[in-house]
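Here is the structure we will look at, set down as structure tokens.
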Amino acid sequence: MIICVCKAVSAKMLRERIAAGARTLEQLAQETGVTTDCGTCTATVLEMLEEMAPVDERTDRGGSA
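In structure tokens, the structure reads:
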């Protein structure tokens, strides 16, 4: 599935970059160009980062462990 239409960045490409160590929106933007044009994909990219981040790097969203 295409996540960033402006730069033709797929979910697969983003998953691969996250698995390879990208941990921030800025890193993904630099590596793939995602979010650097219109920005419509930003929320989706942030969700992917949160979902794929190692457990110890996830943002605490108020839940208990």
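Using our numbering, you'd call the opening residue of the sequence shown number 2 and step up by one each time. All residues carry an ideal CB built from backbone N, CA and C; glycine is no exception.
Other residues of its chain near residue i: CB distance less than 6 angstroms, five sequence neighbours each side excluded
i: C39; result: C7
i: A12; result: M2 and I4
8 angstroms Cβ shell around residue i - same chain, five flanking residues per side excluded
i: L47; result: L26
Distance CB(residue i)-CB(residue j) smaller than 8 angstroms
i: I19; j: L50; result: yes
Whole-angstrom distance between residue j and residue i, CA atom to CA atom
i: A23; j: L29; result: 6 angstroms
i: M2; j: A21; result: 19 angstroms
i: V10; j: P55; result: 22 angstroms
i: E17; j: T45; result: 15 angstroms
Neighbourhood of residue i by C-beta, 7 angstroms cutoff - its chain only, sequence neighbours within 5 removed
i: C42; result: I4, C5, V35 and T36
Supposed contact pair residue j and residue i - C-beta distance, whole angstroms, cut 8 angstroms
i: M14; j: T33; result: 6 angstroms
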